[in-house]
Every structure is written in structure tokens, then in C-alpha cells.
Amino acid sequence: MLSSFNTSNLIGESANQNGMFFTPFKDRKVVPQQMVDVYRNLHTNNGYSIRCSKSGLVLSHCSTVMLRNARFIVSESGRQKTIQEKRKRVHAYVRGELVGINELVPDDFLQVHYNPYHTPLFILAEYNKPVLEADKVICCGKYAYVKQQNQMTLFD
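For the sequence shown, this note's numbering begins at 24 and goes up steadily by one.
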């Protein structure tokens, strides 16, 4: 999976192949296996922001992101503010080890939704059950996708 980290992405050039993009933010570097938070960026065309989990600094923006050992996190106080003010804010994200950028979603991955007005957690669409963590996650377009497996943690 690390093959998607090509040299031009890491040294700060913007890539745009097949409608996919990668743009470093303020010349910051993205490192494979780095622990990051990924959230949907409404100011890009169905893109995502990659933020360092440790420092909280935004590292880059891109079309798709693949994470390993991921957890789905929602700040309940942020969710409540979003609901009260009816204004979008970053309060939900996926945290995990960065393993790929601009990956395609394989057929065996399942769609995950999040809507703060309808549910307090990320929901596995096919089963309509909250999902807390997964071994592999790809964030692409409006949704996240998880690989179906025994390691996936769902609420019953």
C-alpha cells in the first residue's frame, strides 16, 4: 500500500491524476505509518484533510486516504454545537496509521455514514449499526469505507 506515497507527494508537489489530488499544507510533510486524523474538508471537491494526531496541525489535503488500525471518533460536545447552531464544524474524524493516499475503494469494503443530525456515531450503512474501529479504512468522496472482517468493532 505504501506505493501510493510517491516522491512528488512527499516533497510538496500537487498531484492530479484521474481527478485525484494531493496538496501539502504549508510545506508540511506526510510520513507513511504516521498517526493521523482524517476528516472531510468541505472547502475541497469531496476531499479530505489529513491532520497530525499528535500536534493537531493540518498536513495536507487529498482526494482519498487509507488508514490502518483506525478508530471512528465523534466529539459529542462538538456534535451538540453543530446541532444547536445548524452549522458544520470539525467534530468527527477517523484516526489511524496513514498507509495510502489516492487509493481506489476495493469491492469488498463496506460504506460508513455519519450525519450528526441522525446519529451520534459513524454507522455501517449495510447493517445500520454503529462502527467504532476497523483494521482498514478508506475515506473517499462523501463516505468512509471499511474492510469487512472479524476485527471490526460494532455496537449491537
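C-beta atoms are modelled at their ideal positions from N, C-alpha and C, and glycine is treated no differently.
None of these values were measured; they are calculated from a predicted model.
Three or more Cβ pairs closer than 8 Å define a contact, and the stretch 73-80 meets that threshold against the stretch 58-65.
When the five nearest sequence neighbours on each side are left out, the beta carbons in the same chain lying within less than 6 Å of the beta carbon of Met-43 are those of Ser-86, Asn-125, in order along the chain. Of all alpha-carbon atoms in Leu-65, Val-81, Val-117, the one lying nearest the alpha-carbon of Pro-47 is that of Val-81.
Secondary structure of Arg-102 (DSSP, three-state): helix.
Contact check for Glu-149 against Leu-133 passes: the beta carbons are separated by less than 8 Å. Of the candidates Val-169, His-114, Ser-78, Val-169 places its Cα closest to the Cα of Leu-127. Among the bridge pairs identified by DSSP, Glu-120 is matched with Met-58, Arg-91.
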